[in-house]
């Protein structure tokens with residue numbers, strides 16, 4: 048029995064064990080690594096030229112100092128200290144100040160192959176002494192060696208090289224520092240020597256690729272001893288704030304939901320939903336062909352949210368902010384006042400300006416800084432021009448998951464092609480199953496005219512109308528018209544007006560007929576009343592004559608009785 052209890056206690060202790068990690072300070076990377084790099088162990092970051100190895104390493108050191116108060120040592124075998132200081136200054140990293148505060152040591156070790164001659168045993172004892180002094184001088188917790196290939200550039204003896212590599216990694220572990228070692232990508236291996244990835248506790252590969260003239264950087268964790276981690280390829284961005292990594296998607300689908308309903312902003316559209324609008328935090332797709340007022344509906348929704356002091360971001364891929372404001376002003380929607388009071392931000396750019404990941408990371412950054420409750424992307428179908436079908440699908444899934452995780456109400460517009468093919472477009476097909484509400488606007492062509500119609504395809508968790516409602520856009524904005532049913536079905540445009548005109552004429556004729564009938568009945572009533580009055584007079588005369596006769600008869604009877 049005691050053995051069983053002891054085994055259960057040991058299992059509970061093992062389940063409660065938390066693997067020691069050092070936070071990286073890189074946005075998104077801690078989420079992928081489930082907390083950061085292995086504490087007190089070496090991590091290998093490898094990749095080709097220009098993929099961000101040095102920047103990621105430097106950001107790891109700077110964030111460790113500024114956010115976690117962990118001093119660091121950066122030992123460079125390629126770039127001089129002055130060059131490093133200048134290169135990272137554009138990102139807001141002030142290395143000189145950190146050096147003066149005794150928080151950072153940047154050491155450049157110059158290694159020239161032409162000056163190296165193999166004689167006797169080759170070892171790294173001198174490097175260990177130099178690096179150990181730098182670590183001890185500031186009590187460093189983080190160390191970066193950039194790059195490992197330069198250190199062994201003049202060594203051709205593979206046996207010694209491998210032995211010294213192992214010795215270097217073991218020495219770093221013995222010092223108890225969390226180390227990053229950068230390496231250049233090999234032809235058939237992750238690094239040139241092909242050994243570093245085996246002796247490292249964590250290996251991260253950075254990749255910089257160009258597909259259809261669009262540049263994309265990606266990160267992948269090859270291995271992580273003792274810890275779970277993300278195994279996918281994750282896009283990352285280098286901007287003025289450093290490196291930001293974007294996780295692919297959340298697989299748990301455990302985000303919070305709200306039962307609050309917000310207005311669509313379009314007069315008459317709320318009545319098509321039993322709840323009176325959209326659920327807060329839901330995703331709405333408005334799809335349709337060109338010229339069906341998708342942008343107008345999106346701007347109505349943005350205006351409604353801003354009127355309620357809800358922060359809103361509008362991504363426009365087809366119109367500039369000035370053009371959008373001017374166009375909406377023509378239908379009595381004033382977006383400029385919301386821009387002026389800070390509740391609305393409009394970001395306009397061509398989708399081809401950046402890759403899909405850059406658009407996604409930009410949106411994530413704006414969410415973190417502006418903290419909006421509503422986001423509008425107009426249209427998402429333009430993103431198809433930037434990436435492949437698989438990339439667009441993946442990006443849209445990540446986008447919706449990110450918005451749901453932040454409980455942000457999102458409205459997307461999607462442009463459909465004017466074809467007879469019933470198959471939905473790529474963007475519509477990719478998003479339609481993910482969004483909570485799908486509204487379609489379409490052209491309804493009649494005899495010599497084109498009219499607009501709107502209907503709700505789906506609304507999760509809320510009843511909705513199944514009617515196709517015609518709407519018009521006037522100087523006063525959008526107006527949904529009442530449904531008119533004719534012999535051939537729903538009437539629109541001129542057919543509606545003709546039907547309404549005929550109905551008006553019919554109503555007038557019916558009213559006139561009713562009035563004529565009323566007058567005729569009134570005349571008959573008067574004649575009838577006159578006849579009744581004449582009969583009544585005749586009856587009264589006959590009654591009066593009868594009374595006289597009866598009185599005369601009674602008088603005669605009285606006279607006869609007296610004579611007798």
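Residue numbers (our numbering): 48 to 611. Each residue gets a CB set at the ideal place from its N, CA and C atoms; glycine is no exception. None of these values were measured; they are calculated from a predicted model.
Which residues bound the alpha helix (DSSP H) around residue i?
{"i": "residue 368", "result": "368 to 376"}
{"i": "residue 243", "result": "243 to 246"}
{"i": "residue 105", "result": "100 to 115"}
{"i": "residue 184", "result": "172 to 185"}
Let me know the secondary structure DSSP gives residue i once reduced to three states.
{"i": "residue 155", "result": "strand"}
{"i": "residue 161", "result": "In this prediction, residue 161 scores a pLDDT of 49, lower than 50, which makes its location untrustworthy; the coordinate-derived value is nonetheless stated afterwards. In this structure, residue 161 counts as helix in the three-state DSSP scheme."}
{"i": "residue 330", "result": "strand"}
{"i": "residue 398", "result": "helix"}
{"i": "residue 501", "result": "strand"}
{"i": "residue 490", "result": "strand"}
{"i": "residue 469", "result": "Here residue 469 scores only 48 on pLDDT, less than 50, and its place in the model should not be relied on; the value that follows carries that caveat. Note: residue 469 maps to coil in three-state DSSP."}
{"i": "residue 124", "result": "coil"}
{"i": "residue 339", "result": "coil"}
{"i": "residue 207", "result": "helix"}
{"i": "residue 697", "result": "Here the chain covers residues 48 to 611 and nothing more, so residue 697 does not appear."}
{"i": "residue 66", "result": "coil"}
{"i": "residue 345", "result": "helix"}
{"i": "residue 167", "result": "At residue 167 the pLDDT is 46, less than 50, meaning the model places this residue with poor confidence; the figure from the coordinates comes in the next sentence. Of the three classes helix, strand and coil, the one that applies to residue 167 here is coil, per DSSP."}
{"i": "residue 391", "result": "strand"}
{"i": "residue 455", "result": "coil"}
Roughly how many angstroms separate the alpha carbons of residue i and residue j, rounded to a whole number?
{"i": "residue 82", "j": "residue 392", "result": "33 angstroms"}
{"i": "residue 499", "j": "residue 560", "result": "38 angstroms"}
{"i": "residue 291", "j": "residue 285", "result": "7 angstroms"}
{"i": "residue 306", "j": "residue 483", "result": "13 angstroms"}
{"i": "residue 575", "j": "residue 492", "result": "59 angstroms"}
{"i": "residue 263", "j": "residue 430", "result": "15 angstroms"}
{"i": "residue 528", "j": "residue 437", "result": "41 angstroms"}
{"i": "residue 70", "j": "residue 84", "result": "7 angstroms"}
{"i": "residue 68", "j": "residue 100", "result": "20 angstroms"}
{"i": "residue 154", "j": "residue 180", "result": "11 angstroms"}
{"i": "residue 288", "j": "residue 459", "result": "28 angstroms"}
{"i": "residue 209", "j": "residue 439", "result": "44 angstroms"}
{"i": "residue 596", "j": "residue 558", "result": "56 angstroms"}
{"i": "residue 183", "j": "residue 144", "result": "19 angstroms"}
{"i": "residue 95", "j": "residue 515", "result": "56 angstroms"}
{"i": "residue 93", "j": "residue 394", "result": "35 angstroms"}
{"i": "residue 335", "j": "residue 75", "result": "36 angstroms"}
{"i": "residue 351", "j": "residue 114", "result": "40 angstroms"}
{"i": "residue 142", "j": "residue 507", "result": "53 angstroms"}
{"i": "residue 411", "j": "residue 231", "result": "30 angstroms"}
Report all residues from its chain with a CB closer than 6 angstroms to the CB of residue i; omit the five preceding and five following residues, and keep chain order.
{"i": "residue 302", "result": "451, 452"}
{"i": "residue 216", "result": "89, 246"}
{"i": "residue 519", "result": "526"}
{"i": "residue 357", "result": "420, 421"}
{"i": "residue 375", "result": "346, 382"}
Going by DSSP, what residue range makes up the beta strand (DSSP E) through residue i?
{"i": "residue 93", "result": "89 to 94"}
{"i": "residue 363", "result": "359 to 363"}
{"i": "residue 425", "result": "421 to 425"}
{"i": "residue 512", "result": "No beta strand (DSSP E) holds residue 512; DSSP gives it neither H nor E."}
Alpha carbons only, please: which of the options is nearest the one belonging to residue i?
{"i": "residue 109", "options": "98, 100, 121", "result": "121"}
{"i": "residue 386", "options": "360, 321, 602, 365", "result": "360"}
{"i": "residue 332", "options": "604, 504, 602, 525", "result": "504"}
{"i": "residue 619", "options": "345, 319, 72", "result": "The structure shown has nothing for residue 619, since the chain only spans 48 to 611."}
{"i": "residue 407", "options": "379, 449, 372", "result": "449"}
{"i": "residue 219", "options": "265, 172, 254", "result": "172"}
{"i": "residue 371", "options": "566, 265, 398, 343", "result": "343"}
Return the chain-ordered list of same chain residues with a C-beta closer than 8 angstroms to the C-beta of residue i, the five sequence neighbours on each side being excluded.
{"i": "residue 345", "result": "333, 361, 423, 425, 458, 460"}
Determine, using beta carbons only, whether residue i comes closer than 8 angstroms to chain C.
{"i": "residue 363", "result": "In the structure shown, chain C cannot be found, because there is only a single protein chain."}
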